[in-house]
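Visitor:
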Amino acid sequence: MKKIVALLSVLILSSCAELQSVVDNLPNQTGIDNTTIASGLRQALDFGIDKQVTKLTQKDGFYGNNLVKILLPEELQKVDQTLRNVGLGSLADEGLKVLNRAAEDAVSEATPIFVDAVKGITFNDARNILLGADNSATTYLENKTSAQLYDKFNPVIKSSFSKVGADQIWSNLITKYNALPLTNNVNPDLTDYVTKEALKGVYTMIAVEEKEIRTDFSARTTTLLKKVFALQD
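In case it helps, mature numbering (1 follows the signal peptide of the UniProt record, and there is no 0) puts the sequence shown at residues -17 to -1, 1 to 216.
#1: Buried or exposed: which applies to A162, given that a residue is buried once 16 or more other Cβ atoms fall within 10 Å of its Cβ?
#2: Using a Cβ-Cβ cutoff of less than 8 Å, which residues in the same chain neighbour I20 once the five nearest sequence positions on both sides are dropped?
#3: Please state the DSSP three-state secondary structure of L82.
#4: Apart from the five residues just before and just after Q131, which ones in its own chain have a Cβ nearer than 6 Å to its Cβ?
#5: Compute the Euclidean distance between the alpha carbons of D216 and T204, then round it to the nearest angstrom.
#6: Counting only runs that start and end within the stretch 1 to 72, where is the beta strand (DSSP E) found for 3 or more residues in a row?
#7: Where does R197 sit, in a helix, a strand or coil, going by DSSP?
#8: What residue range is occupied by the uninterrupted alpha helix (DSSP H) comprising E125?
#9: Just to confirm my understanding: we take E180, look at its own chain, exclude 5 residues before and 5 after, and list those with CB closer than 7 Å. What are they?
#10: Exposed or buried, F200, counting other C-beta atoms within 10 Å across all chains shown (16 or more means buried)?
#11: Where does the unbroken alpha helix (DSSP H) through L208 begin, and where does it stop?
#12: Answer yes or no: do A75 and L66 have a C-beta to C-beta separation smaller than 8 Å?
#13: Please determine, among A93, V36 and T174, the residue with the shortest C-alpha to C-alpha distance to V51.
#14: Do G103 and K80 have their C-beta atoms within less than 8 Å of each other?
#15: Is L55 a contact residue of the ligand MG, with contact defined as CB to any heavy atom under 7 Å?
#16: May I ask which residues mark the beginning and end of the alpha helix (DSSP H) holding R110?
#17: Nearest to K135 by CA position, among S91, G23 and Y123, is which residue?
#18: CB-CB under 8 Å to N118, same chain, minus the five flanking residues each way: which ones, in chain order?
#19: Skipping 5 residues on each side, what residues in its chain have a beta carbon closer than 6 Å to that of V139?
#20: Where does the unbroken alpha helix (DSSP H) through S154 begin, and where does it stop?
#21: For D175, name the three-state secondary structure that DSSP assigns.
#22: Between which two residues does the alpha helix (DSSP H) containing D216 stretch?
#23: Assuming the contact rule is C-beta atoms closer than 8 Å, A120 and A202 should be a hit. Round their C-beta distance to whole Å, please.
Laid out in structure tokens, this is it:
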């Protein structure tokens, strides 16, 4: 019995090794080398950055897009509802809008960081990304850039709060709320919150473009994209 189990284990391990060998040699078997695969993935990410991230920098890039629109943090949802209940709905609306304006203002800082990260995709990265999930390239980019982008976004958003008037609007809004009877005072860190939400929005939109290229043939608008992404179909 022990001999049979041992034999089966050898056969299973041998099969796994052969399967891994097939995956590792996929580009060679299809006539597409690792350099071409890496170039195709870089192009797909460049398209996502150019097409989708640029949209976020425009007016209402966040506020007008339900996929990435920044809503209020949990501790401020009660502020929003309370102000609406006492007839200050327009002030609440303006407070939400300026949070999104600050994010729109900050995203322009992302492009150079993304470009450097895309250039750094290695051959091994490329193979794993291509054969991965619909958002594998986006996940790679997020892992490579999120810490650096946070450090870049945070001071810009803080400055943007002054630029778009968010600091005054939220100071007024929270002061009015805290002055209401039977409410607990709030003083949230909106800069940190909006920075993190802005980052989520950026990666969400790049993932949208990546998935489209992976699943929609018509979105592969260059010969390189058609050639490389045919491997994962």
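The beta carbon of each residue, even a glycine, is placed where N, CA and C say it ideally should be.
Guide: Here's the rundown:
#1: exposed
#2: P10, F106, A109, R110, L113, V211 and L214
#3: helix
#4: I96
#5: 16 Å
#6: none
#7: helix
#8: S119 to K146
#9: I53 and A86
#10: exposed
#11: T206 to F212
#12: yes
#13: V36
#14: no
#15: With respect to small molecules bound, the structure shown includes none, and the ligand MG cannot be examined in it.
#16: F106 to L113
#17: S91
#18: A190, E193 and K194
#19: A89 and E92
#20: A149 to A162
#21: helix
#22: No alpha helix (DSSP H) holds D216; DSSP gives it neither H nor E.
#23: So it is not a contact: roughly 14 Å between Cβ atoms.
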